[in-house]
Each structure stands twice: as C-alpha cells, then as structure tokens.
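This note's numbering puts the first residue of the sequence shown at 21, with every later residue one more than the last.
Report on one structure; see the data block that follows.
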Amino acid sequence: MAVPKSRVSHSRTHKRKSEWIGSLSTPEVTTCPHCGEVILNYRACGDCGYYRGRQVVMTAAEVEKDEA
Numbered sequence: 021m022a023v024p025k026s027r028v029s030h031s032r033t034h035k036r037k038s039e040w041i042g043s044l045s046t047p048e049v050t051t052c053p054h055c056g057e058v059i060l061n062y063r064a065c066g067d068c069g070y071y072r073g074r075q076v077v078m079t080a081a082e083v084e085k086d087e088a
C-alpha cells in the first residue's frame, strides 16, 4: 500500500479541499431557443425535445398522437 513521503500540513489539506468544493458550483443553465424553457447546457430540452435546432426526443403528446 502506498505511504506518503512526508506529512501534509493542515493548510495544504484545507487548500486542496477548498479547491475541490469550489468546483462544485451550480450547474450551467440556459434557455431553450425553441420554447424558452430553462435547460442544462448540452442537453436536449425536456419540454419540447429539441437540441441544437432539431428535434431529437419525442414528447409525451407526440407519442400519444402516434399511438392513436
């Protein structure tokens, strides 16, 4: 098992942990250009199913319409 060569000070430990905790910020969000819903970046819109200008996911209403 690996063993550290030397002791890590409290300040170094806290600095490392603060950098990691600081990276856990709120997720990047944007608005869907098609319907205006707030969505996560680089994800298809859950409301209308569009991603980068084209529909990639069928909505529940469209699925029901196709089944009927």
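Just so you know, even glycine gets a beta-carbon here, dropped at the ideal spot from N, CA and C.
Residue i bridges to which residues according to DSSP?
i, result
"Val58", "Thr51"
"Arg74", "Tyr71"
Nearest CA to the CA of residue i: which residue from the options?
i, options, result
"Tyr62", "Val49, Gly56, Cys55 and His54", "Val49"
"Tyr71", "Cys52, Ser26 and Glu87", "Cys52"
"Pro47", "Ser38, Ile59 and Lys85", "Ile59"
Check whether the Cβ atoms of residue i and residue j sit closer than 8 Å, and answer yes or no.
i, j, result
"Val77", "Ala64", "yes"
"Gln12", "Gly69", "As displayed, the chain neither begins before 21 nor continues past 88, which places residue 12 out of reach and without an answer."
Against chain B, with Cβ distances strictly below 8 Å, would residue i count as a contact?
i, result
"Glu87", "Of the chains in the structure shown, none is chain B; there is only one protein chain."
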